[in-house]
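**Q** Quick note, the numbering used here runs 65 ahead of the 1-based positions in the sequence shown. Just dropping this structure here.
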Amino acid sequence: MNIKVHSVRIDADKDLNSFIQERVDKLELFYDRIVGSEVFLRMDGASKTDDKVVEIRMSIPGKELFAKKQGKSFEEATDLAVDALRRQLKKRKQKAQSKKSEPF
66 MNIKVHSVRI DADKDLNSFI QERVDKLELF YDRIVGSEVF LRMDGASKTD
116 DKVVEIRMSI PGKELFAKKQ GKSFEEATDL AVDALRRQLK KRKQKAQSKK
166 SEPF
């Protein structure tokens, strides 16, 4: 899977990038047809505590999934966004499997 990490007005270090790569790569365990992902890291000035924002846009055949989460750190927000995408992927996979098992 192709993963692109974009840092908007912040400098993401190598450790953060590898953390994000690792977490997003694990989503392939739940759905093996993922084409690619884009991750956007932002700082939200409106909130004092949960000011780190992570947006993940994931492409799969026929659809694009999206999750946006805030947290106290980019790692926390990444975990929340990946959990949201995992739920979406499981739901998508269950729908596809139920369509295959339906009689004509």
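Glycine included, C-beta positions come from ideal geometry on N, C-alpha and C.
1) Using three-state DSSP, classify residue 99 as helix, strand or coil.
2) Can you check which of these residues, 93, 101, 104 and 134, is closest to residue 151 by C-alpha distance?
3) Looking at the unbroken beta strand (DSSP E) that takes in residue 88, where does it start and where does it end?
4) From which residue to which residue does the beta strand (DSSP E) around residue 117 run?
5) Let me check understanding here. Comparing Cα to Cα, which of 163, 113, 166 and 71 lies closest to residue 107?
6) Is it a yes or a no for the stretch 157 to 165 touching the stretch 136 to 148, going by three-plus beta-carbon pairs under 8 Å?
**A** In short, the structure shows the following:
1) Residue state, collapsed to three classes: coil.
2) Comparing alpha carbon positions, the residue from 93, 101, 104 and 134 closest to residue 151 is 93.
3) According to the DSSP assignment, residue 88 belongs to no beta strand (DSSP E) but to the alpha helix (DSSP H) extending over 79 to 90.
4) Looking at the DSSP string, the run of the beta strand (DSSP E) that includes residue 117 is 117 to 125.
5) It is 71 whose Cα lies nearest to the Cα of residue 107.
6) Taking a contact to require three or more Cβ pairs closer than 8 Å, the stretch 157 to 165 and the stretch 136 to 148 do not qualify as touching.
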